[in-house]
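When the letters of the sequence shown are read in order and numbered with this note's numbering, they come out as residues 251 to 474. Beta carbons are placed, not taken as given, at the ideal position from N, Cα and C, and that holds for glycine. Keep in mind that this is a model prediction, so the values were computed, not measured.
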Amino acid sequence: MSRAALLVLADGRFPAGGHAHSGGAEAAVKAGRVTGAASLEEFCRGRLHTVGRVAAAIAAAASLGVDPVALDAAADARTPSPALRLAARKLGRQLMRAARATWPCAELDALAGSFPKGAHQPVVLGVTARAAGLGPVDAAYCAVYESVSGPASATVRLLSLDPFDATAVLARLAPELDLVVDQAVEVARGVVAAGVDALPASSSPLLEIGAEVHAAWGVRLFAS
């Protein structure tokens with residue numbers, strides 16, 4: 251296992267396409283639910299314990315070698331919004347391109363062949379972590395950090411929020427990220443034995459509704 255590989259995968263400059271997505275923050279800002287650092291923290295906390303938790307469990311399970319096709323179907327079932335499913339697959343396709351160039355392996359090639367239009371991003375993330383020699387804890391940390399860092403970064407642009415304040419939000423959430431990672435890895439180990447039905451199905455209806463509203467906008471700064 252290489253901690254340096256984890257740094258490469260988690261680096262915001264890794265060309266996985268996340269910079270083009272706000273994680274629902276753009277719609278939340280427009281709706282007046284995110285107006286500053288305090289409301290951004292609550293928004294990120296909500297994402298962390300719902301979609302972040304699900305993504306972390308899926309990514310951790312994929313890194314453990316659970317069938318990625320089954321995991322992709324489970325991710326689809328846990329994403330009611332067509333707009334979010336499309337975004338997840340676009341992100342998965344972009345991550346796949348970067349991953350195959352960085353850590354080429356047969357498992358990534360097989361996954362790309364099974365999903366030419368892109369598998370769900372957490373599934374690709376987990377298989378990528380496995381290709382990089384990383385484990386389920388590493389994959390889960392990447393997933394939970396992405397679930398909150400994307401909205402935080404987007405809000406700097408959307409609200410002209412002080413980047414120091416946005417980073418402080420992430421720092422305050424760090425203990426909760428640790429907690430969610432521990433939960434996700436425990437669940438993922440259960441998935442190995444019990445199958446994908448053991449995955450969490452935590453929901454966030456406002457994110458789903460906001461994604462559908464956002465997808466209909468004529469002009470937007472972010473893809474989702």
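With burial defined as no fewer than 16 other Cβ atoms inside 10 Å of the residue's Cβ, what is the status of residue i: buried or exposed?
i, result
"V463", "exposed"
"V442", "exposed"
"S272", "buried"
"R422", "exposed"
"F414", "exposed"
"L257", "exposed"
"E291", "buried"
"A416", "buried"
"L449", "buried"
"A369", "buried"
Quick check on this structure: which residue in the options has the alpha carbon closest to the alpha carbon of residue i?
i, options, result
"S252", "S453, A389, E436", "A389"
"A438", "A349, A277, G376, S474", "G376"
"L334", "L471, L456, G468", "L456"
"G468", "A277, D326, L420", "A277"
"F264", "L314, K280, F293, A351", "A351"
"E475", "S453, A444, V398", "For residue 475 there is no data in the structure shown, the boundaries of the chain being 251 and 474."
"A349", "A266, F472, A254", "A266"
Spatial neighbours of residue i within its chain, please: C-beta separation below 7 angstroms, excluding the five flanking residues on both sides.
i, result
"Q371", "A338, L341, G342, L345"
"L321", "I308, A311, A312, V373, V446"
"E357", "V377, R380, A381"
"V430", "L298, H299, G302, R303, A306, V394"
"C294", "V398, P401, A402, V419, L423"
"F472", "A270, H271, S272, E276, A404"
"P386", "A310, S313, L314, V435, A438"
"S364", "V319"
"A465", "A333"
Residues in its own chain within less than 6 angstroms of residue i by CB, not counting five upstream and five downstream?
i, result
"R479", "Outside the shown range of the chain, which is 251 to 474, sits residue 479, and nothing can be said about it."
"A260", "C392"
"P330", "E458"
"L411", "T405"
When every heavy atom of the ligand NAP is checked, does at least one fall within less than 6 angstroms of the C-beta of residue i?
i, result
"A424", "The ligand content of the structure shown is nil, which means the ligand NAP is not present either."
Ignore the nearest five residues each way along the sequence and tell me which others in residue i's own chain have a CB closer than 8 angstroms to its CB.
i, result
"G400", "G268, H271, S272, G273, A275"
### Query
Can you give, in chain order, each stretch of the beta strand (DSSP E) that sits fully within the stretch 444–469 and has at least 3 residues?
none
### Task
Output the residue ranges of the beta strand (DSSP E) runs that lie fully inside the stretch 337–385 and measure 3 residues or longer, sorted by chain position.
none
### Query
If you scan the stretch 262–313 from start to end, which runs of the alpha helix (DSSP H) of 4 or more residues do you find wholly inside it?
275–280, 287–297, 303–313
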